[in-house]
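**Student:**
Residue numbers (this note's numbering): 733 to 993.
1. Mapping the DSSP letters down to three states, classify residue 939 as helix, strand or coil.
2. Alpha carbon to alpha carbon, how far is residue 991 from residue 966?
3. Candidates 778, 817, 906 and 866: which alpha carbon is nearest residue 840's?
4. Below 8 angstroms on the Cβ atoms is my contact criterion, and I expect residue 916 with residue 940 to pass it. Report the Cβ-Cβ distance as a whole number of Å.
5. Can you round the beta-carbon distance between residue 728 and residue 855 to whole angstroms, since I take them to be within the 8 angstroms contact cut?
6. Please determine, among 972, 898, 948 and 755, the residue with the shortest C-alpha to C-alpha distance to residue 830.
7. Considering only C-alpha positions, which residue in the set 852, 833 and 926 is nearest to residue 822?
8. Using 8 angstroms as the threshold, is the segment 774 to 791 in touch with the segment 973 to 988, meaning 3 or more CB pairs across them?
9. Could you check the C-alpha separation between residue 857 and residue 834 for me, to the nearest Å?
10. Please name the residue, chosen from 843, 814, 810 and 826, that lies closest to residue 820 on a Cα-to-Cα basis.
11. In terms of alpha-carbon separation, which member of 801, 766, 775 and 810 lies closest to residue 735?
12. Please classify residue 759: does DSSP put it in a helix, a strand, or coil?
13. Could you give the first and the last residue of the continuous beta strand (DSSP E) run that contains residue 888?
14. Can you tell me which residues form a DSSP beta bridge with residue 736?
15. What residues match up with residue 902 in a beta bridge as DSSP calls it?
16. What three-state label does DSSP hand residue 934 in the structure shown?
17. Report yes or no: do three or more beta-carbon pairs, one from the segment 791 to 802 and one from the segment 927 to 934, lie closer than 8 angstroms?
18. For residue 878, does the count of other Cβ atoms within 10 angstroms reach 16, so buried, or fall short, so exposed?
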């Protein structure tokens, strides 16, 4: 199931939720006001995560999904979650999950009349358990001017991951433009140490979304991926096959339609 939740909500005391649903940290790496999130946002591996990086001899190295991560919070889980009431433009959340895992998050939404609006979120998880044996945090923010120009940035990192000497992290930035029924954007992401120590992965994406009606979107996207893995991080089988950690670049194109009901 995706959601199976019960909750109690009070204007002064906040909201308490119990069951299968969003954790406090879910989506904190993905705040984005560009209007192109249907096809392009900080979780760039959602577009072509199963595609495999290969060297120039066609030996496999790693998938896009294993090379990139935006280090977003936990998704939907069995949890108990509390959301505070809003303090002006800000509210805070916390949740506790099975396996002694917990997370904390804060969110902000603010609008300046005749100028623009700002949205932001951040989270921290300290999960010293077998299921999640690491600390993790992320933050993202997006600013949209009333005339259409917008900027988005995100950062995420993981610490104390078992079996790793280096702490993985990710940087993401996007510039967009919204006008009439169109939204356009270009973004860049850089991930390091995600799949293995000393891994370097970067990607550039272009996106266009046309919304003729509120419930219908037509979209197109192009994304370039680059990846390098140090030879001493290759598996024994890859070494035996003569694999080179300098992968061939990958290109992905997507077009589609989304209809909301």
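No residue lacks a Cβ here, since even glycine has one placed at the ideal position from N, Cα and C.
**Tutor:** Looking at the atomic coordinates:
1. strand
2. About 43 angstroms.
3. 817
4. 5 angstroms
5. Residue 728 falls outside the range modelled here, since the chain spans only 733 to 993, and no answer is possible.
6. If we check each option's Cα against that of residue 830, 755 comes out closest.
7. 852
8. In this structure the segment 774 to 791 lies against the segment 973 to 988, because at least three pairs of beta carbons, one per stretch, are closer than 8 angstroms.
9. 6 angstroms
10. 843
11. 810
12. coil
13. 881 to 891
14. 752
15. In the DSSP output, where bridge partners are listed per residue, residue 902 has 888 and 923.
16. strand
17. yes
18. Residue 878 comes out exposed.
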